[in-house]
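Written out below as C-alpha cells is the structure these notes cover.
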Amino acid sequence: MTGAADRFATGALLRYGLFGLPLAMVALPIYVYLPQFYALRAGMSLGAIGAVLLAARIAAAFIDPLLGWWIGRRRVDRNGGYPRYVWLALAPLLAGFMCLFHPPRLGPAGTLAWFGATLMLVYLGFSLATIAHQSWGAALTQHPAERSRVTAWREGCGLFGVVLAAAVTGAAGYTALSLAFAVALLLAAAVLARAPRPAIELPADAGGLRAMLAPFAERRFRALFGVLLVNGVASSIPATLFLFFATDRLRLGDLAGLFLIVYFCAAALSMPLWVALARRFGEARAWAGAMLGSCLVFVWAYFLGEGAAVAFGLICALSGFALGADLALPPALLAGVVRQAGQSGRGEAAYFGVWNWGVQMTLALAAGIALPLLGWWGYVPGRSGGGAALAGAYALLPCLLKCVSAWLLWRAPLRDC
C-alpha cells in the first residue's frame, strides 16, 4: 500500500494494468460482435439471441456476488489472495472464448444450447478474473490521487485491448481474434505475476448472504450503485446495437471496425485529462460532466443517414473522449466508498462482486429488451425497414438515460470519497 505521499512507479502500474488488455478483448466481441455473429452466421433470430443473452447475463449477474463473497472470505496476502483467483480464471476464460466464436455445425436447438453453455463458461472466467483484478487494484492504495492512477492504467490498457480486438477482427476475422486473445491473455498473466501486491493481511468476514449484501448497508454505495445501473443501461444499448446501426442505418458496415478504433482510441487518449479533472474537481463531478458532454454529442447520431461516415466518425471520437471518464472514474469512486466504509483490505471483493452484478444486469437489460423490441417493431438485420426504430433505440434512449444518471450522480453523497 502507498502512503499519502507515495506514488507507484509507471512500470509497476503497467505490470498490474496490462491484464486489463486481454479482459477487454473478451468484452468487445461479447458485447458488440456476438449478436450479429449469431444472427448472420448461425441464423438465429434476434428474439432468440436476446433471450439467451438475457438469461445468461442474469445468471452471470447472480454468480458475481457469490464469486466476490468466495474471494473475499479468504485471506488477502502477498502469497495468494487476489492473484490466486486470477490464475484460476484463465482456463475457463480461454476455453469458453474459443468455443463461443467457433461453434460446430448443429441444428437450431443445438446451436441455441451451444451458444448458452459457452457464453456462461466465458462469463464464469471473465467474472472471476475481473473481480479479482479490480479488487487487487482497490487494495493497492487508499490515497485518492493514486487510486485514480491505478484505475486509469488498468482501464487504459483495456482500451488498447478493445482497439486490438476491433483491428484484428476487422482485418483477419474471428480465428485471428481467438489466437490474438490467447497470446495476449497468457503474456499479460505472466507480466501480472510481477505486479505489486496488496500489503494488507486481514481475514475477511465470512458471513454468507449477509456478507454478500453488506455493501448495500452503506448509503454511499447505494447511491453509486443506482448511478451504475442507469448509466450502464445507457452505455450498453448502443454497444449492443452498434453493428446493426453502422450496417443497416448508415450502410457503412465495412467501416465498423474503424469507427470502433476511433471511439476507443479517443477514450484512451482522454484518460490523463479525466484523472487531472478528478484531482481538481473530484471524481463524481468530473464523471457527471462527462455524462452530459456525451449526451450533447451522441444525440446527433439519430439524425444521420446513409453514408454519413465523417459525421459518425466525429461523433465516435467525441463520445469516445467522454467514455474515458466512464471507465476511469467509477472504479476509483468505488474504492473510495470501500475506504469510507472501513473495509479496505478485507471488503473489496464483496463490493466489486456486487458491482459486477450490476454491470451484468445492465447488459442483460440492454440485450433482453432492445433486441426483441426491435424485432417486434419490424427491424430484421440485413434488410430494409425499421430504420427509425433502430436510430431511436441507438441514440435517443441512451441520451435520456445518461441525463438521468448525471442527475443522480450530482445528488449522490460521494464528494468526500
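Just so you know, we're using the numbering used here here: the sequence shown kicks off at -16 and counts up by one.
Just so it is clear, CB atoms sit at the ideal spot from N, CA and C, and this is done for glycine as well.
No experiment lies behind these values; they were computed from the predicted model shown.
{"Asked": "In whole angstroms, give me the CA-to-CA distance for residue 290 and residue 231.", "Found": "11 Å"}
{"Asked": "Comparing alpha-carbon positions, which option in 54, 109, 91 lies nearest residue 76?", "Found": "109"}
{"Asked": "Can you tell me the Cα-Cα spacing of residue 223 and residue 338, whole angstroms?", "Found": "20 Å"}
{"Asked": "Find the nearest neighbour of residue 343 within the set 243, 219, 250, judged by alpha-carbon distance.", "Found": "219"}
{"Asked": "Whose C-beta lies closer than 8 Å to the C-beta of residue 179 among residues of the same chain, with five residues either side of it excluded?", "Found": "-9, -5, -2, -1, 123"}
{"Asked": "Is it a yes or a no for the stretch 202 to 209 touching the stretch 349 to 362, going by three-plus beta-carbon pairs under 8 Å?", "Found": "no"}
{"Asked": "To the nearest angstrom, report how far apart residue 64 and residue 11 are at their CA atoms.", "Found": "28 Å"}
{"Asked": "State buried or exposed for residue 441, treating a residue as buried only when at least 16 other CB atoms are found within 10 Å of its CB.", "Found": "With the chain running from -16 to 400 in the structure shown, residue 441 is simply not present."}
{"Asked": "Which residue's Cα is closest to the Cα of residue 112: 146, 144, 130, 74?", "Found": "74"}
{"Asked": "Is the stretch 135 to 146 touching the stretch 308 to 321, taking contact as three or more C-beta pairs under 8 Å?", "Found": "yes"}
{"Asked": "Quick one: what's residue 223 bridged to in DSSP?", "Found": "None, per the DSSP bridge assignment."}
{"Asked": "What does the alpha-carbon distance come out to for the pair residue 402 and residue 331?", "Found": "Outside the displayed span of the chain (-16 to 400) sits residue 402, for which this structure offers no information."}
{"Asked": "Going by CA-CA distance only, name the one from 199, 172, 147 that's closest to residue 161.", "Found": "147"}
{"Asked": "Here's the rule I'm using: 16 or more other beta-carbon atoms within 10 Å means buried, otherwise exposed. How should residue 186 be labelled?", "Found": "Residue confidence for residue 186 is low, a pLDDT of 47 falling below 50, so the modelled location carries little weight and cannot support an answer."}
{"Asked": "Leaving aside the five residues before and after residue 210 along the sequence, list all residues of the same chain whose C-beta is less than 7 Å from its C-beta, in chain order.", "Found": "388, 391, 392, 395"}
{"Asked": "When you compare the CB positions of residue 135 and residue 320, do they come within less than 7 Å of one another, or not?", "Found": "no"}
{"Asked": "Taking the alpha-carbon positions, what's the residue 158 to residue 85 distance?", "Found": "8 Å"}
{"Asked": "Over what stretch of residues does the alpha helix (DSSP H) that includes residue 403 continue unbroken?", "Found": "Because the chain here runs from -16 to 400, residue 403 falls outside it and cannot be looked at."}
{"Asked": "If we ignore side chains and look at the alpha-carbon of each, how far apart do residue 189 and residue 181 end up?", "Found": "Residue placement at residue 189 is poorly supported in this model, since its pLDDT is 46, which falls under 50; the coordinates are not used for a value here."}
{"Asked": "Using C-beta distances below 7 Å, list every residue in its chain close to residue 260, excluding the 5 sequence neighbours before and after it, in chain order.", "Found": "269"}
{"Asked": "Give the straight-line distance between the Cα atoms of residue 34 and residue 351, rounded to the nearest whole angstrom.", "Found": "6 Å"}
{"Asked": "If you draw a straight line from the alpha carbon of residue -16 to that of residue 95, how long is it in whole angstroms?", "Found": "Because residue -16 sits at a pLDDT of 41, beneath the cut-off of 50, its placement in the model cannot be relied upon, and the following sentence gives the value as read from the coordinates. Taking the straight line joining both Cα atoms gives about 47 Å."}
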